[in-house]
Amino acid sequence: MKRISLTQHLIEEQRLHNTIPSELRLLIEVVSRACKTISHSVSKGALGDVLGAASTENVQGEIQKKLDIISNEILLQANEWGGHLAAMASEEMESFHPIPNRYPKGEYLLLFDPLDGSSNIDVNVTIGTIFSVLKAPEGMQEPSEQDFLQAGTKQVAAGYAVYGPQTMLVLTTGNGVNCFTLDREMGSWVMTQRDIKIPADTAEYAINASNARHWFPPVRRYVDELEQGKAGPRGKNFNMRWIASMVADVHRILNRGGIFMYPADARDPDKPGKLRLMYEANPMSLIIEQAGGAASDGHQRILSIQPTGLHQRVAVFLGSKNEVERVTGYHQVT
Ligand code: AHG
Ligand code: MN
Ligand code: MN
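Position one of the sequence shown corresponds to residue 205 (our numbering), numbered consecutively onward.
This is the structure we're talking about:
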């Protein structure tokens, strides 16, 4: 079988669609190289002294794990010097990270969740890295937070690396979704799935059901109906999966369909959901839409939301189109 490397794919994609100029290709290659380094650290576990908590909190008030910090550092260092970026922002840093003056600046902005699924690190369950790429606004001199606050539709690339039994990179640059598997011996990303499409219907859903008592009526109604199975209004049985790593749940949905939900709930009106718009929901929504699925916050398409802050949260319903449309529809009924 002919092996197509990530580099070959990016170059061919540029020839075909003119969507990956060389600076963007460099950016994607640097991020994917950083993910190889993170994958290596992840796989060492206790042998690499990377497990457990650090003694710090991030801007969201979450205790950071050692791997949250290590992965953040790996991504920052890898992306600082290449000249392809104007600035970076991360779940693990309160404000954005400008490119130091000693390096040239490029025209792209990179956002990332360096380590997604932190609660799974210490129990050897799948985790990942999520990233989103935007273009800096025309004529930008010194980057500001405002420059990052662009709707998800403006992303020029989005992807994630999943550190599971295999390490994979899933990427979109706006012309479908492709998956690359890390060949550890060769150190290269090899394309293993091309133009992935999500089935519009599914019999599988993902939600943290321990929050059920806090859900709002539309979510309660939707999940109730799924739970009733064949005897209920849906007339078929549904199965449930919850990995507690968005990357792993999304990866399953990309491969065999499903709906993933992290709704807003009645607990804290200042927290519309748990997941962060700019470096979790937006990149995942672009990938899901590019694979033929849908992504909504219950009221609107996630990619259309005008962001107001780097770390803002958003309710998320994404995956198989018909299910996302149904639960979104339930929010419209009063
Ligand atoms: P992170 O580890 O980057 O903070 O993200 C964790 C997120 C997401 O990956 C996952 O779907 C969700 O939190 C799990 O939430 P619960 O702890 O409520 O299961
Ligand atoms: Mn996350
Ligand atoms: Mn994280």
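By construction, the Cβ of each residue, glycine as well, lies at the ideal position given by its N, Cα and C atoms.
For residue i, the residue or residues it bridges with in DSSP
i: residue 320; result: 332
i: residue 261; result: 267
i: residue 500; result: 505 and 521
i: residue 364; result: 334 and 374
i: residue 400; result: Beta-bridge pairing links residue 400 to no other residue.
i: residue 416; result: Paired residue(s): none; residue 416 is not in a bridge.
i: residue 294; result: 316
i: residue 339; result: 312
i: residue 480; result: 517
Proximity test, residue i beta-carbon vs ligand 2 heavy atom, cut-off 7 Å
i: residue 320; result: yes
i: residue 450; result: yes
i: residue 387; result: no
i: residue 317; result: yes
Straight-line gap, residue i to residue j (C-alpha atoms, nearest Å)
i: residue 211; j: residue 516; result: 34 Å
i: residue 424; j: residue 495; result: 27 Å
i: residue 410; j: residue 359; result: 26 Å
i: residue 338; j: residue 233; result: 16 Å
i: residue 357; j: residue 315; result: 15 Å
i: residue 321; j: residue 501; result: 21 Å
i: residue 388; j: residue 243; result: 10 Å
i: residue 229; j: residue 270; result: 30 Å
i: residue 252; j: residue 245; result: 7 Å
Buried or exposed by the 16-neighbour rule on C-beta atoms within 10 Å, applied to residue i
i: residue 306; result: exposed
i: residue 467; result: buried
i: residue 482; result: buried
i: residue 474; result: exposed
i: residue 412; result: exposed
i: residue 318; result: buried
i: residue 484; result: buried
Contact test: residue i Cβ vs ligand 1 heavy atom, cutoff 7 Å
i: residue 336; result: no
i: residue 367; result: no
Residue i Cβ short of 7 Å to ligand 3 heavy atom set
i: residue 326; result: no
i: residue 453; result: no
Check: Between the stretch 214-224 and the stretch 366-383, are three or more C-beta pairs nearer than 8 Å?
Finding: With a cut-off of 8 Å on Cβ pairs, the stretch 214-224 is in contact with the stretch 366-383, counting three or more such pairs.
Q.
I want to know whether the stretch 230-241 touches the stretch 267-279 - three or more CB-CB distances under 8 Å.
A. Of all C-beta pairs linking the stretch 230-241 to the stretch 267-279, three or more are shorter than 8 Å, placing the two stretches in contact.
> When the Cβ atoms of the stretch 398-418 are set against those of the stretch 353-371, are three or more pairs found closer than 8 Å?
Replying inline: Not touching, per the Cβ criterion.
- Task: Taking 8 Å as the threshold, find out whether the stretch 441-455 comes into contact with the stretch 384-393 through three or more Cβ pairs.
- Result: Short answer: they don't touch.
Touching by the beta-carbon criterion (3+ pairs, under 8 Å), the stretch 326-333 and the stretch 292-307: The stretch 326-333 is not in contact with the stretch 292-307.
For the 8 Å Cβ check, are there 3 or more pairs between the stretch 254-264 and the stretch 281-290? Taking a cut-off of 8 Å for Cβ pairs, the stretch 254-264 and the stretch 281-290 do not touch, as fewer than three such pairs fall below it.
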